[in-house]
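Asks:
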Amino acid sequence: MINLEIPKKFKPLASQANQVATEVFRPISRKYDEAEHAYPKELDMLASLIDGMNEGSDIGGAGAAGVRREKSDDGENRNGSNLSTVLGIIELCWGDVGLLLSMPRQGLGNSAIASVATEQQLEHYGGKWAAMAITEPEAGSDSAAIRTTAELDGDEYVLNGEKIFVTSGDRADLIVVWASLDRSKGRAAIKSFIVERDNPGLKLDRLEHKLGIRASDTANFTLQDCRVPKEALLGDPEVKEKGFAGVMETFDNTRPLVAAMAVGVTRAALEETRKKLKEAGVKIDYDIPANNQHAAAARFLEMEADYEAAWLLTLQAAWMADNSKPNSLQASMAKAKAGRTGVDVTLGCVELCGSVGYGENELLEKWARDSKILDIFEGTQQIQLLIIARQLLKKTSAELR
Amino acid sequence: MTTTTENKGMAERGMGFGLRALNRLAGSDLLDRIRIRKQVERALFQGTKNGFRSATAAGRTFKAAQKLGKPARQKKGRSTGLFDLTPDDEQQMFQEAGRAFAEDQIRKAALEADEKREIPKEILDQANELGVNMLGIPEELGGVMTEQSAVTSVLIGEALAHGDLGIAYAAMAPGAVATAIGLWGSAKQEATYLPAFTGEDIPAAALAVLEPRPLFDPFQLETKAKKKGEEWVLSGAKSLLARAKECELFVIAADAEGIGPALFVVESGAKGLTIEDEPAMGLRPAATGRLLIDKVKLPANALLGEGAAKAKDYAACVNRSRIAWCSLATGTAQAVLDYVIPYVNDRQAFGEPISNRQGVAFAVSDIGIESNAMRLATYRAASRADRGESFGREAAIARKLCTAKGMRIGSDGVQLLGGHGFVKEHPVERWYRDLRAAGVMEGALLV
Chain A
1 MINLEIPKKF KPLASQANQV ATEVFRPISR KYDEAEHAYP KELDMLASLI DGMNEGSDIG
61 GAGAAGVRRE KSDDGENRNG SNLSTVLGII ELCWGDVGLL LSMPRQGLGN SAIASVATEQ
121 QLEHYGGKWA AMAITEPEAG SDSAAIRTTA ELDGDEYVLN GEKIFVTSGD RADLIVVWAS
181 LDRSKGRAAI KSFIVERDNP GLKLDRLEHK LGIRASDTAN FTLQDCRVPK EALLGDPEVK
241 EKGFAGVMET FDNTRPLVAA MAVGVTRAAL EETRKKLKEA GVKIDYDIPA NNQHAAAARF
301 LEMEADYEAA WLLTLQAAWM ADNSKPNSLQ ASMAKAKAGR TGVDVTLGCV ELCGSVGYGE
361 NELLEKWARD SKILDIFEGT QQIQLLIIAR QLLKKTSAEL R
Chain B
402 MTTTTENKGM AERGMGFGLR ALNRLAGSDL LDRIRIRKQV ERALFQGTKN GFRSATAAGR
462 TFKAAQKLGK PARQKKGRST GLFDLTPDDE QQMFQEAGRA FAEDQIRKAA LEADEKREIP
522 KEILDQANEL GVNMLGIPEE LGGVMTEQSA VTSVLIGEAL AHGDLGIAYA AMAPGAVATA
582 IGLWGSAKQE ATYLPAFTGE DIPAAALAVL EPRPLFDPFQ LETKAKKKGE EWVLSGAKSL
642 LARAKECELF VIAADAEGIG PALFVVESGA KGLTIEDEPA MGLRPAATGR LLIDKVKLPA
702 NALLGEGAAK AKDYAACVNR SRIAWCSLAT GTAQAVLDYV IPYVNDRQAF GEPISNRQGV
762 AFAVSDIGIE SNAMRLATYR AASRADRGES FGREAAIARK LCTAKGMRIG SDGVQLLGGH
822 GFVKEHPVER WYRDLRAAGV MEGALLV
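In order, the protein sequence lines correspond to chains A and B.
Under our numbering, think of the first position of the first sequence as 1, with each following residue one higher.
Under our numbering, think of the first position of the second sequence as 402, with each following residue one higher.
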């Protein structure tokens, strides 16, 4: 039966996540926006708490570590870890996106490992914090063009290259590095490798100063004869035609998570703006046509509608993953819509609230800065539109470039 | 008019109608062509099971309802409480049948219907056979659905509007009156009016809410109902009613003295009613007309619900209408997407398909994203209504999306075809005109 409400069984999780956001994230939100690169030590205890939550429930956790594709074809409708994870992330990012990204053991590297790791790898690397290193100075969205190489030397791979924009790269225990086994073989030769942070061949170049999500460290690395054991390769070591598609499929699982981040920060801005408008005497009514209300109320309704669209698309993508339905199209739709909505709405809220929204006494201006990254990382708006268009139009990447 | 067939239980006959429509489909190669034979067969099996079960139940409860003298109401829907985007088997049956009907017949008739401002009689008859105007009628009174079925109405509206929005409006408009009476009517009003909507000759009827003025607000009506002794006296004007000239029955929204906005059941014979032709930019197969109400005297019991309907019921009516228009906009938005994809893939410019260009391809992506979101928002509002949860906010959000994004999709549909989109050789110019209606219309349809 068609039902687009949050299932009751996930409400305790969402409410716990909301408490964390309210009690832990919000009070230190501004502090770590100002103290860029300072480690938010408040999160250590919290991370243990969330590990406990994940451990103690069969419905997945609040962080990115929970997404592993469920295999089932019994035809029963399932609400599982993809949906619960998305719900947890929405609440936490309603608190603070930068702090969510700084949560130990909840990195996108963790979700990559969770998606494709073998049992042995899970055992060896489980419980550690993993960051993701894909982007290079000359290869952003075009991840097939990465230049970092991995050469097999006995029982080890030797990695060489440069990686930038590694979220939590300095703080994580592990870095999942994308590298090519053979640059002449193109995207089929691209594999991901787990590199321990204390590997002597992994050199931290610098930490970036950013527009937003300043609580989260963004690291640049050089890999110089960085040796990792053979077992550090994630997935299938063979260079096959479809190999790269497999790597890209992990994004089908993580795009809805980034969409959820955008949904969370968007909701934060809308809720705050609704309060501020009310104080200013503007009431938002759902029955009266928008055009018969105050212009600010009409604008708010428009933004809220876009928010709801992003929220629903995100839930749809997660629900499809829980039910083993191919969701690459819907995952990109969610990411594209939530990413642009996050930016439009948080900026719109600053505009509506005027100097109050623009000033640092409130968090509205911060949310408007934080939201921008969500329309960029894990595939920019334009990349998502490409993915969607290729699927809808049944085009190859050679035809639609 | 009472015959044996009439007494047999309308639910059973309703199922028969569905069967007949499906049987005709099964005989054609349409199902194979669009690869839905399996789904339809499976849905048919389920639907038949349920349909026959409803028929027996209807036969029995019919008498009980008479004794109780209470208005019959459809049950609220139940849910497992889980997030779910899969329609149930019965809904899938309606959906598949509606889609096949839309593709096979509605789409083909649309151009001529738009020009002539007339819905072909055989299309109207077949829509009635499919049961599109019986969804809101309680089982005891000959309806086919045990439970409230806003979602089912949405699925059918979406399916039919994929064929043509104007035809979908014309075909489903009488159902709005039946649903309004089924939801809020008194036992006497139900018994008086609903049987006509379960028979073979379903009357043209209109739920008249919209008024001809800028910035219309359905909660600030200029159509007034004044109390005069025991009688009501109605004056005002209503806009864009489907098949207005043929309408035999109206449910009219008016600002009732001492009550506020309320609905009145008015038969077309009432003195003081006149119809004026009101052709518009779109919705042309519905032959839209304006209803002029000049001091129409009505008995006290013309008030829908005879005093039992509350302000929240009127708000629910407004919002259910909005959901219905969203379902049509969603169906037509999907039609735009399905039409532009092969066009931009085939159309060559600068030596390659225009869809190889991001400027074109990204417009298609956006149509895909926003039409998907329109659908989800519409489903959410409808499913909340079915379970008896508040749905005003969700209806407003769906309406905002279907108005703004729906129109953008209509515009991009024409744009992607360029000059070809501007001429009647392609349906996108019609969809452009029709999609504007979603944000303009109030009332007229109901889920």
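We put the CB at the ideal spot given by N, CA and C, even for glycine.
With a Cβ-Cβ cutoff of 7 Å, do D173(A) and W129(A) count as a contact?
Replies: Counting from 1 along the first sequence, the entry for residue 173(A) is found at position 173. Counting from 1 along the first sequence, the entry for residue 129(A) is found at position 129. Cβ atoms of D173(A) and W129(A): closer than 7 Å.
Asks: Find the residues of chain B that neighbour K337(A), judging by a C-beta separation of less than 7 Å, and give them in chain order.
Replies: Mapped onto the first sequence, residue 337(A) falls at position 337. I770, A774, listed in chain order.
Asks: Apply the 10 Å Cβ neighbour rule to N361(A) and answer buried if 16 or more other Cβ atoms are within range, or exposed otherwise.
Replies: Looking up residue 361(A) in the first sequence gives position 361. So N361(A) ends up on the exposed side.
Asks: Determine, using beta carbons only, whether S554(B) comes closer than 7 Å to chain A.
Replies: Walking along the second sequence from the start, residue 554(B) turns up at place 153. It does not; no Cβ of chain A falls within 7 Å.
Asks: Closer than 6 Å to a non-hydrogen atom of the ligand MG - does that hold for the CB of D142(A)?
Replies: By its list of ligands, the structure shown contains no ligand whatsoever, and the ligand MG lies outside what it can speak to.
Asks: Using a Cβ-Cβ distance under 7 Å, would K477(B) count as near chain A?
Replies: By one-based count along the second sequence, residue 477(B) stands at place 76. K477(B) does not count as touching chain A.
Asks: At 4 residues or longer, what runs of the alpha helix (DSSP H) sit wholly inside the segment 69-152 of chain A?
Replies: With a minimum length of 4 residues, the continuous alpha helix (DSSP H) runs that stay inside the segment 69-152 of chain A are 81-95, 97-101, 108-116, 119-125.
Asks: Let me make sure I understand the geometry here. Which of N220(A), K395(A), K276(A) has the alpha-carbon closest to that of K163(A)?
Replies: Taking the first sequence and counting its residues from 1, the one referred to as residue 163(A) is at position 163. Selected option, being the one with the closest Cα: N220(A).
Asks: When the Cα atoms are used, what is the spatial distance from E830(B) to G567(B)?
Replies: Within the second sequence, the letter at position 429 stands for residue 830(B). Within the second sequence, the letter at position 166 stands for residue 567(B). Approximately 13 Å between the Cα atoms of the pair.
Asks: Can you pull the chain A residues whose beta carbon is under 7 Å from the beta carbon of G793(B), in chain order?
Replies: Numbered from 1 along the second sequence, position 392 holds the residue referred to as residue 793(B). Ordered by position in chain A, the residues that pass the 7 Å Cβ test against G793(B) are Y286, D287.
Asks: State the DSSP-derived secondary structure class of R691(B), mapped to helix, strand or coil.
Replies: The residue labelled residue 691(B) in the question sits at position 290 within the second sequence. R691(B): strand per DSSP, three-state reduction.
Asks: Quick one, are the C-beta atoms of I520(B) and P686(B) less than 7 Å apart?
Replies: Sequence index remark: in the second sequence, residue 520(B) carries index 119 (1-based). Sequence index remark: in the second sequence, residue 686(B) carries index 285 (1-based). Contact flag set, yes.
Asks: Determine, for G840(B), whether the minimum Cβ-Cβ distance to residues of chain A falls below 7 Å.
Replies: Working through the second sequence from its first residue, we reach residue 840(B) at position 439. False, the Cβ-Cβ gap to chain A never drops below 7 Å.
Asks: Helix, strand or coil, according to DSSP, for A172(A) in the structure here?
Replies: Within the first sequence, the letter at position 172 stands for residue 172(A). Reduced to three states, the DSSP call for A172(A) is coil.
Asks: So which residues on chain B does Q316(A) lean against when the C-beta distance must stay under 7 Å?
Replies: Looking up residue 316(A) in the first sequence gives position 316. Per Cβ cutoff of 7 Å: L486, L777.
Asks: So, using beta-carbon positions, are C93(A) and G212(A) closer together than 7 Å?
Replies: Stepping through the first sequence from its first residue, residue 93(A) is reached at position 93. Stepping through the first sequence from its first residue, residue 212(A) is reached at position 212. Contact flag unset, no.
Asks: DSSP beta-bridge partners for K191(A)?
Replies: Position 191 of the first sequence, counting from 1, holds the residue named residue 191(A). Note: K191(A) sits in a beta bridge opposite A179(A).
Asks: Can you give, in chain order, each stretch of the alpha helix (DSSP H) that sits fully within the segment 311-375 of chain A and has at least 4 residues?
Replies: Complete alpha helix (DSSP H) runs here, min 4: 328-358, 364-374.
Asks: Under 7 Å between the Cβ atoms of S554(B) and R788(B)?
Replies: As a first step, residue 554(B) is located in the second sequence; it is residue number 153 there, counting from the start. As a first step, residue 788(B) is located in the second sequence; it is residue number 387 there, counting from the start. In this structure, R788(B) does not lie closer than 7 Å to S554(B) by Cβ.
Asks: Within 7 Å (strictly less), CB to CB, does D739(B) reach chain A?
Replies: Numbered from its first residue, the second sequence carries residue 739(B) at position 338. False, the Cβ-Cβ gap to chain A never drops below 7 Å.
Asks: Is E463(A) close to chain B, meaning its C-beta is less than 7 Å from at least one C-beta of that chain?
Replies: There is no way to answer for residue 463(A), as the model of chain A reaches only from 1 to 401.
Asks: Can K698(B) and V652(B) be called in contact, C-beta distance under 7 Å?
Replies: On the second sequence, residue 698(B) is found 297 positions in, with the first residue counted as 1. On the second sequence, residue 652(B) is found 251 positions in, with the first residue counted as 1. No, the pair does not count as a contact, with Cβ atoms beyond the cut-off.
Asks: For the segment 749-767 of chain B and the segment 706-713 of chain B, state whether three or more C-beta atom pairs, one from each stretch, are separated by less than 8 Å.
Replies: No: fewer than three Cβ pairs fall under 8 Å.
Asks: Kindly say whether N451(B), judged by its beta-carbon, lies nearer than 7 Å to any beta-carbon of chain A.
Replies: Indexing the second sequence from 1 puts residue 451(B) at position 50. Only weak support is given to the placement of N451(B): the predicted model assigns it a pLDDT of 38, under 50, and the value that follows is read from those uncertain coordinates. It does not: the Cβ of N451(B) has no partner Cβ on chain A nearer than 7 Å.
Asks: Going by C-alpha distance, which of L234(A), V345(A), A179(A) is nearest D375(A)?
Replies: Position 375 of the first sequence, counted from the first residue, corresponds to residue 375(A). Among L234(A), V345(A), A179(A), the Cα nearest to that of D375(A) belongs to V345(A).
Asks: For L664(B), which of helix, strand or coil comes out of DSSP?
Replies: Mapped onto the second sequence, residue 664(B) falls at position 263. Note: L664(B) maps to strand in three-state DSSP.
Asks: Which value, in whole angstroms, describes the spacing of the CA atoms of D430(B) and F502(B)?
Replies: In the second sequence, counting from the first residue as 1, residue 430(B) sits at position 29. In the second sequence, counting from the first residue as 1, residue 502(B) sits at position 101. Note that D430(B) scores a pLDDT of 49, beneath 50, so its modelled location is shaky and nothing firm can be said.
Asks: Give me the Cα-Cα distance between V239(A) and A144(A), rounded to the nearest whole angstrom.
Replies: Here residue 239(A) is taken as the residue at index 239 of the first sequence, counted from 1. Here residue 144(A) is taken as the residue at index 144 of the first sequence, counted from 1. Whole-angstrom Cα-Cα distance: 14 Å.
Asks: May I ask which residues mark the beginning and end of the alpha helix (DSSP H) holding G811(B)?
Replies: On the second sequence, position 410 is the one that residue 811(B) refers to. It spans 793-818 - the alpha helix (DSSP H) in which G811(B) sits, taken as one unbroken run.
Asks: Please list, in chain order, the chain A residues whose beta carbon lies closer than 7 Å to that of R781(B).
Replies: One-based indexing of the second sequence puts residue 781(B) at position 380. Ordered by position in chain A, the residues that pass the 7 Å Cβ test against R781(B) are L4, L312.
Asks: Which of helix, strand or coil does DSSP assign to C648(B)?
Replies: The sequence position of residue 648(B) within the second sequence is 247, counting from 1. Looking at C648(B) - three-state DSSP - the assignment turns out to be coil, as it is neither helix nor strand.
Asks: Report yes or no: do the segment 265-275 of chain A and the segment 221-241 of chain A share at least 3 C-beta pairs separated by less than 8 Å?
Replies: No, the segment 265-275 of chain A is not in contact with the segment 221-241 of chain A.
Asks: Starting from the beta carbon of E399(A), find every residue of chain B whose beta carbon is closer than 7 Å, and list them in chain order.
Replies: Taking the first sequence and counting its residues from 1, one reaches residue 399(A) at position 399. What E399(A) touches in chain B: N757.
Asks: For the beta strand (DSSP E) containing Q224(A), name the first residue and the last one.
Replies: For the purposes of this step, residue 224(A) is taken as residue 224 along the first sequence, with counting starting at 1. It spans 218-229 - the beta strand (DSSP E) in which Q224(A) sits, taken as one unbroken run.
Asks: Select from H209(A), L87(A), K41(A), E156(A) the residue whose C-alpha is nearest the C-alpha of Q16(A).
Replies: Residue 16(A) sits at position 16 when you count from the first residue of the first sequence. If we check each option's Cα against that of Q16(A), L87(A) comes out closest.
Asks: Between M333(A) and chain B, is there a C-beta pair that is closer than 7 Å?
Replies: Taking the first sequence and counting its residues from 1, one reaches residue 333(A) at position 333. Answer yes: the Cβ-Cβ gap between M333(A) and chain B drops below 7 Å somewhere.
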